[in-house]
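Take a look at the structure below.
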Amino acid sequence: MTATSTGSRTAVFPGSFNPFTLGHADIVERGLKMFDKIVIAVGCNINKPRGDAEAAAEAIRRIYRGRPEIEVVVYSSLTVRLAEEVGAGFILRGVRTVKDFEYERELASVNMQLSGIESVILFSRPELAALSSSMVRELAAYGEDVTPFLP
16 MTATSTGSRT AVFPGSFNPF TLGHADIVER GLKMFDKIVI AVGCNINKPR GDAEAAAEAI
76 RRIYRGRPEI EVVVYSSLTV RLAEEVGAGF ILRGVRTVKD FEYERELASV NMQLSGIESV
136 ILFSRPELAA LSSSMVRELA AYGEDVTPFL P
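Taking the numbering used here, the leading residue of the sequence shown gets 16, the next gets one more, and so forth.
Next comes the structure, spelled out in structure tokens:
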């Protein structure tokens, strides 16, 4: 695998990660087989307080404490602009469904046109394909124990 013009074997893994699930952690670990560094980028939703993203980022930092190959940042720009800022040559994404794939394919195309940065898409492991942050949030809202779904 060669890097883009940035020359970096660093990938940005963007998302809201609310919460960061075992599926996300699996993409990170598998991504590290291809990349030297992964920047987990917690996006600020303009409709939510920045504190939500900061709290999510801090929770992820606790998971990866002592792992210098993993950095966690909060951002509110286009993902390709963040990738350029941190010197990443790639954007790492995970997909669970065909619907996810179609969306990610379109996004990868636009990102390539904007920046030349390649997107690498990893498919969820079958046993994690049904796991989503929204499902975990809903279970938690009903008082269910969600720890089996979190790293």
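In this text, a Cβ means the ideal position worked out from N, Cα and C, and glycines have one as well. Being a predicted model, the structure only gives us computed values, none of them experimental.
Separation of residue j from residue i, as counted between CA atoms
i: D160; j: P166; result: 13 Å
i: A155; j: Q128; result: 39 Å
i: S124; j: E99; result: 17 Å
i: G66; j: S91; result: 12 Å
i: Y79; j: D51; result: 15 Å
i: P29; j: F138; result: 15 Å
i: E86; j: K114; result: 29 Å
i: E44; j: F105; result: 16 Å
i: E142; j: F116; result: 18 Å
According to DSSP, residues forming a beta bridge with residue i
i: F138; result: V110
i: T25; result: K52
i: V87; result: I55
Of the residues the options, the one placed nearest residue i, counting alpha carbons only
i: A70; options: G81, A56, P83, R82; result: A56
i: Y118; options: G104, S134, S130; result: S134
i: D41; options: G109, V89, F116, N33; result: G109
i: S130; options: G38, I85, L97, R76; result: L97
i: T112; options: N126, V89, I136, I132; result: I136
i: A74; options: P34, R24, F164; result: P34
i: T94; options: T36, I132, F164, A144; result: I132
Simplified DSSP assignment, three categories, for residue i
i: G81; result: coil
i: T162; result: helix
i: G102; result: coil
i: N126; result: helix
Sequence ranges, beta strand (DSSP E) only - wholly within the region 38-65, length at least 3: 52-58
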